[in-house]
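Enquirer: Position 157, counted from 1, in the sequence shown is what the UniProt record's numbering calls 157; the numbers after and before it change by one each time, with no gaps.
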Amino acid sequence: MDAAWVAGLAASPWLVPALFALVVGDAFLVVLPSETAVVALGALWASEGAPPLLAVVVAAAAGAVVGDGLCYLIGRRIGLDRWRWQREGRAAAAITRARATVHRRAAVLVFTARYVPFARIAVNLAAGAGRVPLRHYLPLSLAAGIAWALYNVGVGAIVGSAFRDAPLVAVAVSIPIAIALGLLVDRVVAGLDARTAPSPDGDSGPTPPRDRR
């Protein structure tokens with residue numbers, strides 16, 4: 001990969017539609033690196049001046065909202081236990097947690113889950129299966145998608161601005177940073193989720209100490 005190839009990629013008219021398709025697909029297939037792609041394009045814009053930053057943000061946000069909305073519709077039509085992957089592994093655990101709290105914590109779940117692949121799928125499926133009203137879900141999804149796009153593009157732009165004369169280096173450095181930040185967000189969200197998970201008696205949050213007087 002050389003600088004001329006990177007410049008050609010940045011100017012390609014297919015780049016933004018491909019980004020949109022990648023982000024939509026990542027709503028279902030967690031192996032697709034949508035966050036990494038958005039960060040890398042933010043870095044490329046800062047160092048190369050292309051692709052257009054607004055187009056990247058719009059494509060990423062629109063892909064996030066469309067992909068999450070399709071998950072919501074699948075949950076609404078099919079439910080949470082139709083397929084084997086919904087009943088096993090990390091996806092099953094995430095779906096169980098989301099099912100228990102999606103009505104009480106819809107806003108928090110939709111926003112935080114956008115940054116965590118398995119949680120993202122689980123929350124949107126649970127919101128649909130739990131019949132969270134579309135008029136409530138859609139504005140949350142839209143706001144979460146825009147915030148997610150701005151966050152990832154912003155991370156990339158910060159990296160790219162440090163390597164303004166070296167677009168290859170900017171892209172190469174932005175990718176491990178995107179992965180590291182994704183793992184960090186995953187840990188933070190998992191920790192917050194564990195602290196606020198419902199207790200066996202149905203209450204959420206840690207149990208206060210008893211008065212022993």
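The beta carbon of each residue, even a glycine, is placed where N, CA and C say it ideally should be.
Bear in mind that the values here come from a model prediction, so they are computed numbers and not experimental data.
Locate the alpha helix (DSSP H) running through residue 14, then write down its first and last residues.
Expert: Premise fails: residue 14 is in no alpha helix (DSSP H) and is neither H nor E.
Enquirer: Quick check: the stretch 132-149 against the stretch 42-61, are at least 3 beta-carbon pairs closer than 8 Å?
Expert: Yes, the stretch 42-61 touches the stretch 132-149.
Enquirer: Apart from the five residues on each side of it in sequence, which residues of its chain come closer than 6 Å, Cβ to Cβ, to residue 155?
Expert: Once the five neighbours on either side are set aside, the close Cβ partners of residue 155 are 39.
Enquirer: Using only the heavy atoms of the ligand PLP, determine whether one of them is closer than 6 Å to the beta carbon of residue 52.
Expert: For the structure depicted, the ligand PLP is absent and the ligand set is empty, with no information on it obtainable.
Enquirer: Measuring straight from C-alpha to C-alpha, what distance separates residue 159 and residue 153?
Expert: Approximately 10 Å, taken between the alpha carbons.
Enquirer: With a CB to CB cut of under 7 Å and the five nearest residues on each side skipped, what residues in its chain are close to residue 166?
Expert: These residues qualify, in order along the chain: 47.
Enquirer: Rounding to the nearest angstrom, what Cα-Cα distance links residue 140 and residue 71 in this structure?
Expert: Each residue's Cα considered, the two are about 14 Å apart.
Enquirer: Within the same chain, show all residues whose beta-carbon is closer than 6 Å to that of residue 10, passing over the 5 residues directly before and after it, in chain order.
Expert: Same-chain partners within the cutoff: 44, 48, 50, 51.
Enquirer: Please say whether residue 67 and residue 24 have beta carbons closer to each other than 7 Å?
Expert: In this structure, residue 67 lies closer than 7 Å to residue 24 by Cβ.
Enquirer: Less than 7 Å between the beta carbons of residue 113 and residue 119, yes or no?
Expert: For residue 113 and residue 119, yes; Cβs fall inside 7 Å.
Enquirer: Quick check on DSSP: helix, strand or coil for residue 85?
Expert: The predicted position of residue 85 is uncertain, since its pLDDT is 49 and thus under 50; a value taken from the coordinates is nonetheless stated next. Residue state, collapsed to three classes: helix.
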